[in-house]
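Last residue of the sequence shown: 278 in this note's numbering, with the numbers rising by one and none dropped.
So the structure is just underneath, and the comments pick up after that.
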Amino acid sequence: MGKIQHEMSSGKRIRVPSDDPVGVARSLKLRADLKANEQLKRNTDDVLSWLETTEIALTGIRDVMHRVKELALQGANGTYDEQDTRAIAEEIKELRDQLVSFGNSTYVGKYIFSGFLTDQAPVQLDGGDGSLDYQGDGGIIRYQVGVGDIIGVNTTAEDIFMNSSGDDLLRDMQDMYDFLDTGDHAGVGSLIGNFERHLENILQRTAEVGAKYNRMELVSNRLRDEEINFTGLLSKTEDADMADVIIRLTSEENVYRAALASGSRIILPTLVDFIR
3 MGKIQHEMSS
13 GKRIRVPSDD
23 PVGVARSLKL
33 RADLKANEQL
43 KRNTDDVLSW
53 LETTEIALTG
63 IRDVMHRVKE
73 LALQGANGTY
83 DEQDTRAIAE
93 EIKELRDQLV
103 SFGNSTYVGK
113 YIFSGFLTDQ
123 APVQLDGGDG
133 SLDYQGDGGI
143 IRYQVGVGDI
153 IGVNTTAEDI
163 FMNSSGDDLL
173 RDMQDMYDFL
183 DTGDHAGVGS
193 LIGNFERHLE
203 NILQRTAEVG
213 AKYNRMELVS
223 NRLRDEEINF
233 TGLLSKTEDA
243 DMADVIIRLT
253 SEENVYRAAL
263 ASGSRIILPT
273 LVDFIR
């Protein structure tokens, strides 16, 4: 009765390993799987947040590049007077500084485009020609999101600001500013192809990040399903069947009462009983 009452009060059918050695081993394995699943879920949440921050930065760079391309087409037009050209040059300068800001985006205090050197701002302008002075490295930050499933989450500043032809976006922005400053419309026109390639590169990087984000959402959903599954299996292994417990407790109580009654009848009458 004491054992059954403990099952009822705790809701668990296993009190000590000897109650069910196989069940205890299974329970320990399921608990270990749940702990590992919780860590994988935390990793997946970090990856999703990192990728979301990256996507926001790349979207901002993409919008800037659309505007740069538009201004390049305007600046290549020889009909613009000096005042209009200077206005375009000043906007290009501001857009270049905005690109630097996007390149130095952070997630929980870490620079997301600097490889392993997450404590260093990866994008700095060279004082001489305004080209990219990359302070990070090419390290790929990886997270484990499943058994044998490891994903690299980061993109480097060089991947973003250097296109497939090796053109430096920030250097091209500085050249455009210089051409506009001197009224060299032909020079501005020569950069339009570079900016188109830069925009294609940004779109490609954005697509890669989006694909990883979609994959991580699927991984996150799978981990949630596994958590529910493991929790259900653990409950079946450890939890007591309360209906069965109540039936067993009632049966044991009836046996106990019957034993007491039988015992009281076996005891011989005493003088006190005759006095009554």
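C-beta atoms are modelled at their ideal positions from N, C-alpha and C, and glycine is treated no differently.
The shortest CA-to-CA distance from residue 121 to any of 127, 135, 106 and 84 is the one to 106. Counting only runs of 4+ residues, the alpha helix (DSSP H) found wholly inside the region 174-206 occupies 187-192, in chain order. Among the bridge pairs identified by DSSP, residue 117 is matched with none. The beta-carbon distance between residue 162 and residue 232, rounded to whole angstroms, is 40 Å. This is too long to meet the 8 Å contact definition. The region 59-77 makes contact with the region 194-214: 3 or more CB pairs, one atom from each, lie closer than 8 Å. Apart from sequence neighbours up to five positions away, no residue of its chain approaches residue 230 with a beta-carbon distance below 6 Å. Boundaries of the alpha helix (DSSP H) harbouring residue 77: 23-77, taken from the DSSP string. The beta carbon of residue 76 sits closer than 7 Å to the beta carbons of 82 and 90 from its chain, once the five residues preceding and following it are set aside; these are given in chain order. Straight across, the Cα-Cα distance linking residue 45 with residue 214 is about 14 Å.
A buried status is given to residue 138, since no fewer than 16 other beta-carbon atoms sit within 10 Å of its beta-carbon.
Taken through DSSP and simplified to helix, strand or coil, residue 3 comes out as coil.
Residue 79 and residue 157 have their C-alpha atoms roughly 36 Å apart. Counting every other CB atom within 10 Å of its CB across the protein chains shown gives residue 118 a total below 16, marking it as exposed.
Inter-residue distance for residue 113 and residue 124 is about 7 Å (C-alpha atoms, whole angstroms). Cα atoms of residue 253 and residue 19: separation of roughly 25 Å, rounded to the nearest angstrom.
Counting only the Cα atoms, residue 178 lies some 8 Å from residue 94.
Setting aside the 5 residues that flank it on each side, residue 98 is surrounded in the same chain by 175, each with a C-beta closer than 6 Å to its C-beta; the list follows chain order. Assignment of residue 150 by DSSP, reduced to helix, strand and coil, places it in the coil class.
Burial check for residue 15: the Cβ neighbour count within 10 Å reaches 16 or more, so the residue is buried.
For residue 145, the closest of 42, 69 and 261 by C-alpha to C-alpha distance is 42. With fewer than 16 other Cβ atoms inside 10 Å of its own Cβ, residue 263 counts as exposed.
Residue 144 has 154 as its beta-bridge partners, per DSSP.
In this structure residue 49 is in contact with residue 147, their Cβ atoms being roughly 6 Å apart against a cut-off of 8 Å. In the same chain as residue 74, and ignoring 5 residues on each side of it, the C-beta atoms closer than 7 Å to its own belong to 178, 190, 193, 194 and 197, in chain order.
The beta carbon of residue 52 sits closer than 6 Å to the beta carbons of 109 and 155 from its chain, once the five residues preceding and following it are set aside; these are given in chain order. Distance check between residue 221 and each of 152, 236, 171 and 27 places 152 closest, using alpha-carbon atoms only.
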